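Chemist:
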Amino acid sequence: MIVQRRAVSAVLAAAALLLTAGCSSDDGQPSGADGGTSPSRTAAGSSSPGSATEEAPPAKGSVEVVRTVATGLKSPWGLAPLPGGGLLVSSRDEATITRVDEETGEKTELGEVPGVSPSGEGGLLGIALSPDYASDRMVYAYFTSASDNRIVRMRYDEKEPPGEQLGEPDTVLRGIPKGEIHNGGRIAFGPDKMLYAGTGESGDTGLSQDRESLGGKILRMTPDGEPAPGNPFPDSVVYSYGHRNVQGLAWDDEQRLFASEFGQQTWDELNAIKPGDNYGWPEAEGKGGGSGFHDPLAQWSTDEASPSGAAFAEGSVWMAGLRGERLWRIPLKGTEAAADPQAFLQGEYGRLRTVVPADGDRLWLMTSNTDGRGDAKEGDDRILELRVN
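Now the structure itself:
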């Protein structure tokens, strides 16, 4: 009997072990309570360099400018492709959202976003479409107000006259620190249908290490602005910290999150984001920050990059450079660079602000020469269609 009992106990223990493994995500943490992709899976893989079976893209790629989609944009910042065709563009200084017909280049102003207070690097910044846009028609926007940076959402009704197509804004999140510099501003919905936002420390470097502050962070929240299930810190929208000024967010095919970030005077960064990790600012800039800090997977001198938007396509992260006036390709294997970054379009179109995926090997790229720091005449900012590999 004793032998039989021991055998039964061993079988039950093995079954329990298998059941536990089946209920956990890849890194051994419980799956997210939202019933969708857990945060550990969303960025996860960010914690590991990737499996040996992952194939890296070629070390060298290419970029072809297919066409100029539109010109004459004014201080453009955010870019959001509409599912039925068309591109929404936010104007930082005009505080307007405009629809661009990607076939003809025709521009139609949806309206002005109330409450925006443009100044310095602040104004109407990133925009994103609701994950349920087909039914709710909601456009999300990150902007600088008189008192803070905040995220709002507005219903877009194209049946209304031009200039009156945006509904009243509903505030999703407020209290992000504002300043003349380092306002962050990039927002995007992840594969888990949660809303992510890159913020800056507004020139107050101490905020980046303060987990109670929303400055110098990547935030993750529900579409209603509540802390997303499975976030690393209890009752907090903070997802990662120790950032200086996050400007680009991109997910790869394995749902791992990558973020581009302005450095100070030495190194700009591309980071693989792991929930809860500390990315070092202001104690560390670039690689070699020491124990407790997550090193970037790639870095650049600030005159080569000053990175803004980021997108993933054809196995690489594509990163737009402002001061660097070039588009960077960073081929990936897992969460590591598979080869040295490669630069394209250097000096051809001036400052590059935003890059977003189109379809397959296509990208939309938007310039930023009328933001007060570029050398451009009015009407010079444009959207380009690219083919990349």
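Numbering (our numbering), first residue to last: 34 to 422. Yeah, the Cβ is synthetic: ideal placement off N, Cα and C, and Gly gets one too. Just so you know, these numbers come straight off a predicted model, no measurement behind them.
Quick one: what's got a C-beta closer than 6 Å to Leu52's C-beta in the same chain, skipping five residues either side?
Modeler: Note that Leu52 scores a pLDDT of 32, beneath 50, so its modelled location is shaky; the value from the coordinates is reported in the next line. So the list is empty, once near-sequence residues are dropped.
Chemist: Taking C-beta to C-beta, are Val133 and Phe176 nearer than 7 Å?
Modeler: Not in contact: Val133 and Phe176 (Cβ atoms no closer than 7 Å).
Chemist: Mapping DSSP to helix, strand and coil, what is Ser80?
Modeler: The predicted model places Ser80 with a pLDDT of 44, which falls under 50 and marks its position as unreliable; any figure quoted below should be read in that light. It is helical.
Chemist: Is DSSP giving Tyr272 helix, strand or coil here?
Modeler: It is a strand residue.
Chemist: Need the endpoints of the alpha helix (DSSP H) that Tyr166 sits in, please.
Modeler: Taken as a continuous stretch (DSSP letters only), the alpha helix (DSSP H) holding Tyr166 covers Tyr166 to Asp169.
Chemist: For Val205 versus Gly258, is the C-beta distance shorter than 7 Å?
Modeler: Going by C-beta atoms, Val205 is nearer than 7 Å to Gly258.
Chemist: Which whole-angstrom value describes the C-beta separation of Ala343 and Val270, a residue pair presumed to lie in contact below a C-beta threshold of 8 Å?
Modeler: Not a contact, Cβ separation roughly 21 Å.
Chemist: Between Glu369 and Pro329, is the Cβ-Cβ spacing less than 7 Å?
Modeler: Their beta carbons are not under 7 Å apart, which means Glu369 does not touch Pro329 by this criterion.
Chemist: Sorted by chain position, which residues of the same chain lie with C-beta nearer than 6 Å to Glu418's C-beta, five sequence neighbours on each side aside?
Modeler: The answer, listed in chain order, is Val99, Arg100 and Val102.
Chemist: Can you tell me where the beta strand (DSSP E) with Met352 in it begins and where it stops?
Modeler: Counting along the chain, the beta strand (DSSP E) containing Met352 begins and ends at Ser349 to Gly354.
Chemist: Considering only the beta carbon of each residue, do Arg186 and Met227 sit closer than 7 Å?
Modeler: For Arg186 and Met227, no; Cβs fall outside 7 Å.
Chemist: By Cβ distance, which residues of its chain are closer than 8 Å to Ala66, with the 5 residues on each side in sequence left out?
Modeler: Because the pLDDT of Ala66 is 32, which lies under 50, any placement of that residue in the model is unreliable, and the number read from its coordinates should be weighed accordingly. Closer than 8 Å at Cβ, skipping near neighbours: Pro262 and Gly263.
Chemist: Grab the span of the beta strand (DSSP E) containing Val421 for me, first residue to last.
Modeler: Looking at the DSSP string, the run of the beta strand (DSSP E) that includes Val421 is Asp414 to Val421.
Chemist: Does the region 232 to 248 come into contact with the region 162 to 170, if we say contact requires no fewer than three beta-carbon pairs (one atom in each stretch) closer than 8 Å?
Modeler: The region 232 to 248 is not in contact with the region 162 to 170.
Chemist: Quick one: grab the DSSP three-state call for Ser15.
Modeler: An answer regarding residue 15 cannot be provided, because it is not within the stretch 34 to 422 covered by the chain.
Chemist: According to DSSP, simplified to helix, strand and coil, what is Ser241?
Modeler: Looking at Ser241 - three-state DSSP - the assignment turns out to be helix.
Chemist: Which residue comes first and which comes last in the beta strand (DSSP E) that contains Ile220?
Modeler: Looking at the DSSP string, the run of the beta strand (DSSP E) that includes Ile220 is Arg219 to Phe222.
Chemist: Pop quiz: Gly159 and Gly111 are said to be a contact at Cβ under 8 Å. What is the actual Cβ separation, rounded to whole angstroms?
Modeler: The pair is a contact, with the Cβ atoms about 4 Å apart (cut-off 8 Å).
Chemist: Exposed or buried, Lys211, counting other C-beta atoms within 10 Å across all chains shown (16 or more means buried)?
Modeler: By the 10 Å Cβ count, Lys211 comes out buried.
Chemist: Is it buried or exposed for Thr403, if we count other Cβ within 10 angstroms and need 16 for buried?
Modeler: So Thr403 ends up on the buried side.
Chemist: Taking the continuous beta strand (DSSP E) assigned at Arg132, which residues delimit it?
Modeler: Counting along the chain, the beta strand (DSSP E) containing Arg132 begins and ends at Thr129 to Val133.
Chemist: Please look up how many angstroms separate the CB atoms of Gly117 and Glu135, rounded, as I've assumed it's under 8 Å.
Modeler: That belief does not hold up - the Cβ atoms of Gly117 and Glu135 are roughly 11 Å apart, past 8 Å.
Chemist: Mind pulling the beta strand (DSSP E) runs of 3 or more residues that sit fully within the region 290 to 348?
Modeler: Qualifying beta strand (DSSP E) stretches, in chain order: 290 to 294, 300 to 305, 331 to 334 and 340 to 346.
Chemist: Round the Cβ separation of Gly325 and Leu282 to the nearest angstrom and send it over; I've been treating them as touching at under 8 Å.
Modeler: That pair is no contact at about 24 Å.
Chemist: Let me know the secondary structure DSSP gives Arg386 once reduced to three states.
Modeler: Correct three-state label for Arg386: strand.
Chemist: Which of the three DSSP states is assigned to Ile160 in this structure?
Modeler: Of the three classes helix, strand and coil, the one that applies to Ile160 here is strand, per DSSP.
Chemist: Per DSSP, Phe377 forms a beta bridge with which residues?
Modeler: DSSP lists Leu360 as partners of Phe377.
Chemist: Once DSSP output is grouped into helix, strand and coil, what is the label at Asp181?
Modeler: Asp181 falls in the coil class under three-state DSSP.
Chemist: In whole angstroms, what is the alpha-carbon distance linking Gly319 and Ser246?
Modeler: Distance between the alpha carbons of Gly319 and Ser246: 23 Å.
Chemist: Candidates Ser293, Trp284 and Asp310: which alpha carbon is nearest Met352's?
Modeler: Per the Cα distances, Ser293.
Chemist: Considering only the alpha carbon of each residue, which of Ile251, Trp300 and Ser334 lies closest to Pro308?
Modeler: Per the Cα distances, Ile251.
Chemist: Comparing C-alpha positions only, which one of Gly296, Asn216 and Phe345 sits nearest to Glu316?
Modeler: Of the listed residues, the one whose Cα sits closest to Glu316 is Gly296.
Chemist: DSSP state of Ile214, grouped into three classes?
Modeler: In the structure shown, Ile214 sits in coil (DSSP, three-state: anything other than H, G, I, E or B).
Chemist: Mapping the DSSP letters down to three states, classify Leu206 as helix, strand or coil.
Modeler: If DSSP states are grouped into helix, strand and coil, Leu206 belongs with the strands.
Chemist: So, is Gly144 buried or exposed, given that buried needs 16 or more other C-beta atoms within 10 angstroms?
Modeler: Buried, by the Cβ-count rule.
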